[in-house]
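In the order they appear, the protein sequences are chains A and B. Residue 223 in my numbering sits at position 209 of the first sequence; the count goes up by one each step and never skips. Residue 99 in my numbering sits at position 85 of the second sequence; the count goes up by one each step and never skips. Glycine residues also receive a C-beta, built at the ideal position from the N, C-alpha and C atoms. Please read these numbers as outputs of a predicted model, since none were measured by experiment. Here the structure is laid out as structure tokens; the discussion comes afterwards.
There are 2 protein chains.
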Amino acid sequence: MKEGPDIAQIGALIGDPARANMLAALTGGRALTATELAGVGGITVQTASTHLAKLEAGGLLSQRKQGRHRYFTLADEAAARLIESMMGFAAGRGHLRHRPGPKEPVLRKARICYDHLAGDYGVRMLDSLISSGSIDAIGEGLALTEKGESDLKCIGFDVGALKSSRRPLCRSCLDWSERRAHLAGSLGKALLSSFLDKGWARRTAESRSIIFSPEGDRQFLRLFPLES
Amino acid sequence: MKEGPDIAQIGALIGDPARANMLAALTGGRALTATELAGVGGITVQTASTHLAKLEAGGLLSQRKQGRHRYFTLADEAAARLIESMMGFAAGRGHLRHRPGPKEPVLRKARICYDHLAGDYGVRMLDSLISSGSIDAIGEGLALTEKGESDLKCIGFDVGALKSSRRPLCRSCLDWSERRAHLAGSLGKALLSSFLDKGWARRTAESRSIIFSPEGDRQFLRLFPLES
DNA sequence: TTCATACTTCGATCGTAACCGAAGCATCGC
DNA sequence: GCGATGCTTCGGTTACGATCGAAGTATGAA
Numbered sequence: 015m016k017e018g019p020d021i022a023q024i025g026a027l028i029g030d031p032a033r034a035n036m037l038a039a040l041t042g043g044r045a046l047t048a049t050e051l052a053g054v055g056g057i058t059v060q061t062a063s064t065h066l067a068k069l070e071a072g073g074l075l076s077q078r079k080q081g082r083h084r085y086f087t088l089a090d091e092a093a094a095r096l097i098e099s100m101m102g103f104a105a106g107r108g109h110l111r112h113r114p115g116p117k118e119p120v121l122r123k124a125r126i127c128y129d130h131l132a133g134d135y136g137v138r139m140l141d142s143l144i145s146s147g148s149i150d151a152i153g154e155g156l157a158l159t160e161k162g163e164s165d166l167k168c169i170g171f172d173v174g175a176l177k178s179s180r181r182p183l184c185r186s187c188l189d190w191s192e193r194r195a196h197l198a199g200s201l202g203k204a205l206l207s208s209f210l211d212k213g214w215a216r217r218t219a220e221s222r223s224i225i226f227s228p229e230g231d232r233q234f235l236r237l238f239p240l241e242s
Numbered sequence: 015m016k017e018g019p020d021i022a023q024i025g026a027l028i029g030d031p032a033r034a035n036m037l038a039a040l041t042g043g044r045a046l047t048a049t050e051l052a053g054v055g056g057i058t059v060q061t062a063s064t065h066l067a068k069l070e071a072g073g074l075l076s077q078r079k080q081g082r083h084r085y086f087t088l089a090d091e092a093a094a095r096l097i098e099s100m101m102g103f104a105a106g107r108g109h110l111r112h113r114p115g116p117k118e119p120v121l122r123k124a125r126i127c128y129d130h131l132a133g134d135y136g137v138r139m140l141d142s143l144i145s146s147g148s149i150d151a152i153g154e155g156l157a158l159t160e161k162g163e164s165d166l167k168c169i170g171f172d173v174g175a176l177k178s179s180r181r182p183l184c185r186s187c188l189d190w191s192e193r194r195a196h197l198a199g200s201l202g203k204a205l206l207s208s209f210l211d212k213g214w215a216r217r218t219a220e221s222r223s224i225i226f227s228p229e230g231d232r233q234f235l236r237l238f239p240l241e242s
């Protein structure tokens, strides 16, 4: 009867709407303060504080004290993947919090998933990298090819430093809006960072959405063309 | 605030201990009746009935009426993967329902994960297939090689029929006890079936564990040797 | 038909946990 | 030092949902 890991604990942690909202907000990758998280959860700071303590005890969050603020982030990539995979499952079953509304399209187009690009653009980027032979795909596994490495170098993107990290270079992550895979892993993170650095895109204040500038949009679409 | 899929719903579904126990039991792949599930959940049939109705409404379970019995199974592979991934996460965080006890070793050695082999033997099998060149692994992706296909044919195992199915042939599944990948997908299912058919192993009555016969054990270890 | 089994629905109880007000710490700026 | 801000802890209320007894429905057996 009592064997194996206790999924009820984390289930219950995620099962509270306020906590779920906070976790979803943290999927945006940004570190948020307790007060901000209380906002997204729709609750007072006191309540949020107890929720956050529970989430941290459960290994889903980690916090960093900075001055009189406390910044919370998802504990690690595993936690982020768990949340994302639940989102994927929920989306597939039609468990949406509301009908697809007017504000959703921007989120579907491009958003942050923990630390990499997701949404339509995220999926497009991976598709393009695969069809150009830069990335090999086997099932859910992804691997950067030599061609991919040199192609990236051509656009001023050095992969070498990434390869030494312990984190996998390429990883596929199921996109809940597109229901297809996009690129995660350290390469996914680095690519998104470079878009932001170059000013092609920017993050919005309180949301997970990513806004491409007209110029950035052009560059992105040129760099990652779709197979016709 | 209210954007994206509602993970709180499924979180709450899994978050109840009785429901979690039922789901974990169904990870064994066997279809169980409402009364049996009430047993593993430690609750009365009335309570179980309402729980099962909720789980079905949430898309986690499906039921099949047969005479006066109602057989419940996990809704599909996606549901099974969700449960398994939560188990993996929980195990990684030390959320165990009790200290590793005396009965656990047999479960760690070999058990069913939805419809394929998991545990020490499951991991060993995949490792062996990879090191012998039968399966290519890229990250989390797995692919059967031509050598693998012919090797399997040599031991009287025809892959042809499996390839036509819509379900992926090879899939990796994170093992919560070993914290490593084992083989899922239609090939994983077919291999386990063949072990059972040949009498190498049998399932136990009410548990997920798989017991190998002495002869089956020998054959299995011979067929899937470990890299030294 | 009648009885037994498997399961669901109803109704009522009860416990837990989410919630907030108020008070208590900690940190910053002055 | 002082007040202001950010967050936590405490206490008490409240509401939701898990639970079970009892009654109701369906299927099978005799």
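Residue i, enclosing beta strand (DSSP E) - first and last residue
{"i": "K79 (chain B)", "result": "75-80"}
{"i": "S200 (chain A)", "result": "Here S200 (chain A) belongs to no beta strand (DSSP E); instead the alpha helix (DSSP H) covers 199-211."}
{"i": "D150 (chain A)", "result": "149-152"}
{"i": "Y135 (chain B)", "result": "Run containing Y135 (chain B): none in the beta strand (DSSP E); it sits in the alpha helix (DSSP H), 134-145."}
{"i": "L88 (chain B)", "result": "83-88"}
Environment of residue i [buried if 16+ CB atoms lie within 10 Å]
{"i": "S179 (chain A)", "result": "exposed"}
{"i": "G115 (chain A)", "result": "Unreliable positioning characterises G115 (chain A) in this predicted model, as indicated by a pLDDT of 49, which lies under 50. The coordinate reading is nonetheless provided below. G115 (chain A) is exposed by the Cβ-count criterion."}
{"i": "D211 (chain A)", "result": "exposed"}
{"i": "G213 (chain A)", "result": "exposed"}
{"i": "D245 (chain A)", "result": "Beyond the ends of chain A as shown, which are 15 and 242, falls residue 245 (chain A); an answer cannot be given."}
{"i": "D150 (chain A)", "result": "buried"}
{"i": "A204 (chain A)", "result": "buried"}
{"i": "D189 (chain B)", "result": "buried"}
{"i": "G174 (chain A)", "result": "exposed"}
{"i": "G73 (chain A)", "result": "buried"}
{"i": "Q60 (chain B)", "result": "exposed"}
{"i": "S99 (chain B)", "result": "buried"}
{"i": "I24 (chain A)", "result": "buried"}
{"i": "S207 (chain B)", "result": "exposed"}
Element boundaries [alpha helix (DSSP H), containing residue i]
{"i": "R33 (chain B)", "result": "31-40"}
{"i": "F234 (chain A)", "result": "228-237"}
{"i": "H65 (chain B)", "result": "59-71"}
{"i": "L166 (chain B)", "result": "160-168"}
{"i": "F171 (chain A)", "result": "Run containing F171 (chain A): none; DSSP gives neither H nor E here."}
{"i": "T49 (chain A)", "result": "48-55"}
{"i": "R193 (chain A)", "result": "No alpha helix (DSSP H) contains R193 (chain A), which DSSP labels as neither H nor E."}
{"i": "R95 (chain A)", "result": "91-106"}
Min CB distance residue i to chain B below 8 Å
{"i": "D189 (chain A)", "result": "no"}
{"i": "A22 (chain A)", "result": "yes"}
{"i": "C184 (chain A)", "result": "yes"}
{"i": "G230 (chain A)", "result": "no"}
Proximity test, Cβ basis, 8 Å: residue i and chain A
{"i": "G18 (chain B)", "result": "yes"}
heavy atom of the ligand NAP below 7 Å from residue i C-beta
{"i": "I149 (chain A)", "result": "Of ligands this structure carries none, so the ligand NAP is not represented either."}
field: Where the segment 86-115 of chain A meets chain B: residues whose CB sits under 9 Å from a CB there
entry: A89, A92, A93, R95, L96, I97, S99, M100, M101, G102, F103, A104, A105, G106, R107, G108, H109, L110, R111, H112, G115
Chain A contacts made by the segment 151-178 of chain B, where a contact means CB separation under 8 Å: A151, I152, G153, E154, G155, L156, A157
- request: Quick one: which residues of the segment 69-80 of chain A get their C-beta closer than 9 Å to a C-beta of chain B? List them in chain order.
  value: Listed by position, the residues of the segment 69-80 of chain A near chain B (Cβ gap below 9 Å) are G72, G73, L74.
task: For the segment 27-45 of chain A, enumerate the residues whose C-beta is nearer than 8 Å to any C-beta of chain B, in chain order.
output: L27, I28, G29, D30, P31, R33, A34, N35, L37, A38
field: Any 3 or more C-beta pairs closer than 8 Å across the segment 61-80 of chain B and the segment 29-43 of chain B
entry: Output reads yes: the segment 29-43 of chain B touches the segment 61-80 of chain B.
message: Does the contact criterion of 3 or more C-beta pairs under 8 Å hold for the segment 145-157 of chain B versus the segment 170-185 of chain A?
response: yes
task: Assess, as a yes-or-no matter, whether the segment 155-171 of chain A is touched by the segment 131-139 of chain A under the definition of 3 or more beta carbon pairs within less than 8 Å.
output: no
message: Below 8 Å, how does it come out for the segment 222-233 of chain B and the segment 116-127 of chain B: are there three or more Cβ pairs, yes or no?
response: With a cut-off of 8 Å, the segment 116-127 of chain B and the segment 222-233 of chain B count as touching, because enough Cβ pairs lie within range.
query: Between the segment 197-215 of chain B and chain A, which residues of the former have CB atoms less than 7 Å from a CB of the latter, in chain order?
result: none
- prompt: Got a sec: which bits of the segment 118-152 of chain B sit with their beta carbon under 8 Å from any beta carbon on chain A, in order along the chain?
  reply: E118, L121, D150, A151, I152
Touch test, the segment 134-146 of chain B against the segment 42-62 of chain B, Cβ-Cβ under 8 Å, three pairs minimum: no
- request: May I ask you to verify whether the segment 77-85 of chain A touches the segment 35-49 of chain A, counting CB pairs closer than 8 Å and requiring at least 3?
  value: yes
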